[in-house]
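In the numbering used here, the protein residues as written are 1200 to 1740.
Idealized CB from N, CA, C, for every residue including glycine.
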Ligand SMILES: Cc1cc2nc3c(=O)[nH]c(=O)nc-3n(C[C@H](O)[C@H](O)[C@H](O)COP(=O)(O)OP(=O)(O)OC[C@H]3O[C@@H](n4cnc5c(N)ncnc54)[C@H](O)[C@@H]3O)c2cc1C
């Protein structure tokens, strides 16, 4: 390290990766596999947090400032003025270190649609090798699944009779059991595949960074908040970051890869003068490069949680929240047996059609075999026995935005979702809630003596269901799309993830998704990191 002309500490690398999340950890680990490439990985958050190891720790991370940016959406009509939480991981592993650990790739059509929008190289056939490269999975068919990747994916058993009964109930409603929704078809109901191995969460910090840490050509800096990208003309040449109270700079001889996630990546582009000129001028930021799409195209899964009381004793995890039963759970966990402490956050999911005539699922139901309530350190098990089922459109049409609110990197950006602004999102949401009800009312569920608590049986019409949704729904924490990949004027990056109109700068994270995938977004984000690293290596050759 040497001082630059301004006296700041300075150092040189071939590649600088900003953000060690789902995508960034994969990018940095893959790039540094080649010993002659030097890589700096900058992470704003900490190296780790003790609650990231135990899957049940998710409840202690979702409102925890030591591991989470704790953003919130702007109040809007579709939330009845509530600011919905937008948790984002802030530590090595990023959101993969605080997420619900469900492993869902999406449908082939998601990626084929990306390709049809002009993104050459992103069809399902072309991204499948990267999905396979991520994972080490024991089940499924080899044509679709990976056996030798760094990230362990497992099939937790239906540890509760309640979950097995729900699979049977769905069958009674014509929704088949699908043992591998990440295989040939997503259709049907299944236990969630999980990024959990031997009872431990497998974040990208564990899967990608732990094995790479010892490499002499990879430097990982935590507590390093990148404040701006630096440029020579139209070429990005490095970054300025803040660490331990000091401002430092690093130079990238080849490229800077921005992997800050859907909220932070557009903010950092704007702070660096890249975005909508009027917006930047209003914040007093000098315009370096006009790019109108920066921060637009925000999408997320707005997901109401239907709540059910369970009359049958012992069926729900609420019945194991204290005393002997909790000790038994802890013991089971310690012995490596299925336990509440080692469970994926939503262990059962169904990919369903909201109406007849569709050629594939367009809505998702996810079951959590407990009722929770807000506690002082995050959500906690409620005293009443019950379960939760969230229900939402998988490919919403509503679009929002994320924009910087000040030139100061420490000020949170404004997140505007515009939920339900596309009427079809409301139609599919109401239909999904009704499908949840029909499954709960199927004969296989009779012995559990279920009673609908929310929205409540009186909410019959779309209007009544959506009125409840506006007052109660939160997201399933899948924001994407704010640095859209494409070839149209609103695209921020091209199909090789290079920022349009600039050199030496790519974005590789969930923000580049032109459209939200059908399901959870960790696996697609890691795939984007894997594919970015491959493209960077190809372009450097
Ligand atoms: C509570 C929660 C539950 C979820 N559950 C699931 C689930 O069960 N299954 C699933 O598939 N998906 C789930 N997701 C979504 C999934 O985890 C994310 O979509 C995915 O991790 C996004 O990856 P990313 O690389 O785009 O961003 P992230 O993983 O969020 O990584 C961004 C990283 O960049 C760092 N960073 C940002 N700005 C800067 C800066 N200026 N300087 C330095 N570093 C910076 C951040 O600290 C972070 O580490 C969940 C997410 C959350 C938050």
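Between residue i and residue j, what straight-line distance do the alpha-carbon atoms span, to the nearest angstrom?
| i | j | result |
| --- | --- | --- |
| residue 1201 | residue 1447 | Low local confidence applies: a pLDDT of 44 at residue 1201 is under 50, so the model's placement there is unreliable, with the coordinate-based value given in what follows. The straight-line gap from Cα to Cα measures roughly 10 Å. |
| residue 1622 | residue 1554 | 15 Å |
| residue 1205 | residue 1280 | The predicted model places residue 1205 with a pLDDT of 49, which falls under 50 and marks its position as unreliable, so this point remains unresolved. |
| residue 1583 | residue 1547 | 21 Å |
| residue 1529 | residue 1540 | 7 Å |
| residue 1384 | residue 1303 | 12 Å |
| residue 1531 | residue 1537 | 7 Å |
| residue 1681 | residue 1249 | 31 Å |
| residue 1421 | residue 1339 | 37 Å |
| residue 1506 | residue 1614 | 27 Å |
| residue 1429 | residue 1601 | 22 Å |
| residue 1260 | residue 1527 | 24 Å |
| residue 1203 | residue 1731 | Note that residue 1203 scores 46 on pLDDT, short of 50, meaning its location in the model is unreliable and no value can be drawn from it. |
| residue 1533 | residue 1363 | 24 Å |
| residue 1390 | residue 1737 | 38 Å |
| residue 1293 | residue 1722 | 13 Å |
| residue 1267 | residue 1646 | 40 Å |
| residue 1458 | residue 1509 | 43 Å |
| residue 1408 | residue 1224 | 6 Å |
Look at the Cβ atom of residue i, then the Cβ atom of residue j, and state whether they are nearer than 8 Å.
| i | j | result |
| --- | --- | --- |
| residue 1295 | residue 1221 | yes |
| residue 1544 | residue 1564 | no |
| residue 1330 | residue 1726 | yes |
| residue 1610 | residue 1497 | no |
| residue 1443 | residue 1219 | no |
| residue 1705 | residue 1454 | yes |
| residue 1410 | residue 1355 | no |
| residue 1712 | residue 1679 | yes |
| residue 1535 | residue 1399 | no |
| residue 1586 | residue 1569 | yes |
| residue 1703 | residue 1436 | yes |
| residue 1284 | residue 1673 | yes |
| residue 1210 | residue 1451 | no |
| residue 1559 | residue 1309 | no |
| residue 1306 | residue 1717 | yes |
| residue 1464 | residue 1724 | no |
| residue 1701 | residue 1734 | no |
| residue 1419 | residue 1240 | yes |
| residue 1578 | residue 1258 | yes |
Excluding five sequence neighbours on each side, which residues of the same chain lie with their C-beta closer than 6 Å to the C-beta of residue i?
| i | result |
| --- | --- |
| residue 1634 | 1551 |
| residue 1368 | 1638, 1641, 1643 and 1644 |
| residue 1456 | 1216, 1226, 1705 and 1707 |
| residue 1484 | 1472 and 1606 |
| residue 1698 | 1692 and 1704 |
| residue 1320 | 1694 |
| residue 1486 | 1472, 1476 and 1479 |
Once the 5 residues before and after residue i are set aside, which same chain residues still bring their CB inside 7 Å of it?
| i | result |
| --- | --- |
| residue 1629 | 1661, 1664 and 1665 |
| residue 1668 | 1503 and 1628 |
| residue 1237 | 1212, 1213 and 1416 |
| residue 1603 | 1466, 1469, 1470, 1482 and 1612 |
| residue 1561 | 1552, 1553, 1592, 1593, 1594 and 1627 |
| residue 1516 | 1539, 1568, 1569 and 1580 |
| residue 1401 | 1350, 1351, 1394 and 1395 |
| residue 1382 | 1339, 1340, 1343 and 1344 |
When we look at the beta-carbon of residue i and count the other beta-carbons within 10 Å, is it buried (16 or more) or exposed?
| i | result |
| --- | --- |
| residue 1347 | exposed |
| residue 1216 | buried |
| residue 1275 | buried |
| residue 1376 | exposed |
| residue 1235 | exposed |
| residue 1341 | exposed |
| residue 1575 | exposed |
| residue 1493 | buried |
| residue 1557 | exposed |
| residue 1254 | buried |
| residue 1374 | buried |
| residue 1658 | buried |
| residue 1477 | exposed |
| residue 1288 | buried |
| residue 1519 | buried |
| residue 1286 | buried |
| residue 1499 | buried |
| residue 1264 | exposed |
Can you list, in chain order, the residues of its chain with a C-beta nearer than 8 Å to that of residue i? Leave out the 5 residues immediately preceding and following it.
| i | result |
| --- | --- |
| residue 1619 | 1277, 1501, 1597, 1625, 1628, 1665, 1668 and 1669 |
| residue 1332 | 1345, 1348 and 1729 |
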